[in-house]
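See below for the structure under consideration.
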Amino acid sequence: MEGKIIVVTSGKGGVGKTTATSSIGAALALEGKRVAIVDMDIGLRNLDVVMGLENRIVFNIVDVVQGRCKIDQAAIRDRRIDNLFLIPASQSDNKDVLTTSGVERVCNDLRKKFDYVLMDSPAGIEKGFQNSIVGANEALVVCTPDVSAVRDADRVIGLLYARSLEPRLIVNRIEPSRVERGEMLSHEDVMEVLSIELAGLVPMDEKVLISSNTGTPLVLQNESKAGQAFRRIAKRLNGETDVPIEIPTHKTSMWNKISKTFGLK
Amino acid sequence: MLQGLLKRFTGQKNSKEEAKKRLQFSLIYDKLEVNDTTLTDLQNDIVDVISKYFEIDRDSLELKVKRDDDVSALVFNTPILHVKRKQA
Ligand SMILES: Nc1ncnc2c1ncn2[C@@H]1O[C@H](COP(=O)(O)OP(=O)(O)OP(=O)(O)O)[C@@H](O)[C@H]1O
Ligand SMILES: [Mg+2]
Chain A
1 MEGKIIVVTS GKGGVGKTTA TSSIGAALAL EGKRVAIVDM DIGLRNLDVV MGLENRIVFN
61 IVDVVQGRCK IDQAAIRDRR IDNLFLIPAS QSDNKDVLTT SGVERVCNDL RKKFDYVLMD
121 SPAGIEKGFQ NSIVGANEAL VVCTPDVSAV RDADRVIGLL YARSLEPRLI VNRIEPSRVE
181 RGEMLSHEDV MEVLSIELAG LVPMDEKVLI SSNTGTPLVL QNESKAGQAF RRIAKRLNGE
241 TDVPIEIPTH KTSMWNKISK TFGLK
Chain B
266 MLQGLLKRFT GQKNSKEEAK KRLQFSLIYD KLEVNDTTLT DLQNDIVDVI SKYFEIDRDS
326 LELKVKRDDD VSALVFNTPI LHVKRKQA
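Chains as they are written, first to last, in our numbering: chain A, 1 to 265; chain B, 266 to 353.
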């Protein structure tokens, strides 16, 4: 059976595509699937450092598309998580070096070798984005709860629909206490504006930076709320549709309410 | 609820409400702006329909997108020259 290619994209930069791609990819591998994560951000590679694999790069996706090496030669095996592979971007090439037809051909080969292939799209809607979606069977759109990110997400959703992809949404960096205070759009607000299906909700979490500092998988940290949110997203993508979408809560606020009720505060 | 009360006392507007309104507005406007040909097509279709009933001055009509704080509207303005006789 052929695998699935899932593109992770956003329009706006810095909203968490790379974080989401590496975490969901790692989580799918933990579910026992054979997973390749492809960095499509040519010229600005990041996935390798986020995943802690930067010292092991030999070939990259440009080498694969241009026929200088085989997929197996470019795919770096993660030593901590079985069945997880990274195909890095090249750092030196021009961002528009890849042809859409070349990428499409490699995508067809990737589908034969892996259960899931995750494409980490660059920001923007230009060629790098087009190359990231050309082989995709499914799409995840990441946005943060702010006006510009949601507006850009809407634009990208339109472009994905035009290519017959039905994207699902990840709202990242939710801060429950600010949502509670009415300072931040809630996920319901975002859903209402964008009207697409939800893939998951990911809270703001200090552990994200720490895990990227050290290049260790976020999803292996049981105390990381974001890591756990990505694991649930992966489970649902992998067909466990009964795993509920958890709404990030402000834990201490619950505690505050209880303490207030009992006159402890 | 508590938030609502607080708001009433302090007279402070929730910034997220404003964010949501601005978003809803800009998304509609983005789509209207993106496609100039859509607007022209729409204008031609409207003219065709109205011309069945009225004789209008094609040169002085205008189709505009009007933006207000809360709503955006499509405004179509045309002088009517004659009312056409209904054909049986
Ligand atoms: N849930 C989160 N909580 C806290 N920090 C986060 C979260 N998600 C992402 N970040 C941080 O936000 C920054 C941008 O994230 P990331 O690199 O994943 O975004 P991106 O969309 O891939 O950016 P680019 O468009 O540049 O490729 C990083 O420093 C990352 O650590
Ligand atoms: Mg990135």
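Glycine is no exception: its CB is placed at the ideal position from the N, C-alpha and C atoms.
Worksheet item: Are the C-beta atoms of Gly276 of chain B and some chain A residue less than 9 Å apart?
Response: Unreliable positioning characterises Gly276 of chain B in this predicted model, as indicated by a pLDDT of 49, which lies under 50. A coordinate reading is not provided.
Item to complete: Thinking Pro62 of chain A and Val117 of chain A are a contact (beta carbons under 8 Å), I'd like their distance in whole angstroms, please.
Response: Position check: residue 62 of chain A holds Val in this sequence, whereas Pro was assumed. Actually they are not in contact, since the Cβ atoms of Val62 of chain A and Val117 of chain A sit about 17 Å apart, beyond 8 Å.
Item to complete: Assign Ser316 of chain B to buried or exposed, taking buried as 16 or more other Cβ atoms, counted over all protein chains shown, within 10 Å of its Cβ.
Response: exposed
Discussion item. Tell me whether Ala20 of chain A, by its Cβ, gets closer than 8 Å to a heavy atom of ligand 4.
Written reply: By its list of ligands, the structure shown excludes ligand 4, since it contains just ligand 1 and ligand 2.
Fill in: DSSP bridge partner residues for Glu138 of chain A (one or two, in chain order)
A:Ile6
Worksheet item: Looking at the structure shown, is Glu282 of chain B part of a helix, part of a strand, or coil, going by DSSP?
Response: helix
Worksheet item: CB-CB under 8 Å to Ala229 of chain A, same chain, minus the five flanking residues each way: which ones, in chain order?
Response: Gly200, Leu201, Val202, Pro203, Glu246, Pro248
Worksheet item: In this structure, does DSSP put Cys143 of chain A in helix, strand or coil?
Response: Of the three classes helix, strand and coil, the one that applies to Cys143 of chain A here is strand, per DSSP.
Worksheet item: If we cut at 9 Å on Cβ distances, does Val15 of chain A have a partner in chain B?
Response: no
Worksheet item: Hey, Leu110 of chain A and Ile71 of chain A: beta-carbon distance below 9 Å or not?
Response: yes
Worksheet item: Taking the alpha-carbon positions, what's the Val299 of chain B to Met184 of chain A distance?
Response: Model confidence at Val299 of chain B stands at a pLDDT of 49, short of 50, so the residue's coordinates are unreliable and nothing is read from them.
Worksheet item: How far does the beta strand (DSSP E) with Asp41 of chain A in it reach, from first residue to last?
Response: Premise fails: Asp41 of chain A is in no beta strand (DSSP E) and is neither H nor E.
Worksheet entry | For Leu328 of chain B and Asn222 of chain A, the rounded distance between their alpha carbons | 58 Å
Worksheet entry | Coil, strand or helix - Ile157 of chain A by DSSP | helix
Fill in: Residue ranges of each alpha helix (DSSP H) within the stretch 69-143 of chain A, 4 or longer
71-74, 100-113, 127-133
Practice prompt. Give a yes or no on whether the C-beta atoms belonging to Gly52 of chain A and Asn94 of chain A are separated by under 9 Å.
Written response: no
Practice prompt. Report yes if the C-beta of Asp152 of chain A is less than 8 Å from at least one heavy atom of ligand 2; otherwise report no.
Written response: no
Discussion item. I'd like to confirm something about Lys17 of chain A: is its beta-carbon nearer than 8 Å to some heavy atom of ligand 2, or not?
Written reply: yes
Discussion item. Using a Cβ-Cβ cutoff of less than 6 Å, which residues in the same chain neighbour Pro88 of chain A once the five nearest sequence positions on both sides are dropped?
Written reply: Asp39, Arg45, Asp48, Ile57, Asn60
Discussion item. Between which residues of its own chain and His367 of chain B is the CB-CB distance below 6 Å, once the five residues before and five after are set aside?
Written reply: Here chain B covers residues 266 to 353 and nothing more, so residue 367 of chain B does not appear.
Worksheet item: In the stretch 174-197 of chain A, which residues sit with their C-beta less than 9 Å from some C-beta in chain B, listed in chain order?
Response: Arg178, Val179, Glu180, Arg181, Gly182, Glu183, Met184, Leu185, Ser186, Asp189, Val190, Glu192, Val193, Leu194
Worksheet item: Which residues in the same chain as Ala234 of chain A place their Cβ atom closer than 7 Å to its Cβ, once the five residues preceding and following it in sequence are excluded?
Response: Ile24, Ala27, Leu28, Glu31
Worksheet item: What is the DSSP secondary structure of Gly52 of chain A, reduced to helix, strand or coil?
Response: coil
Practice prompt. Could you name the residues of chain B that Asp154 of chain A contacts, counting a contact when the two beta carbons are closer than 8 Å?
Written response: Leu292, Asp295
Practice prompt. Quickly, what does DSSP pair Leu201 of chain A with across the bridge? List them, please.
Written response: A:Val171
Discussion item. Give me the chain B residues within the contact set of Val202 of chain A, using Cβ-Cβ distance strictly less than 7 Å, ordered along the chain.
Written reply: Result: empty, since nearest Cβ-Cβ is about 18 Å, beyond 7 Å.
Fill in: Integer-rounded CB distance, given that Lys12 of chain A should sit under 8 Å from Ser148 of chain A
6 Å
Worksheet entry | Chain-order list of residues whose beta-carbon lies under 7 Å from that of Tyr161 of chain A (same chain, five-residue window excluded) | none
Practice prompt. Compute the distance between the beta-carbons of Phe129 of chain A and Ala36 of chain A, then report whether it is under 9 Å.
Written response: no
Worksheet item: Anyone know if the C-beta pair for Arg173 of chain A and Thr144 of chain A falls short of 9 Å?
Response: yes
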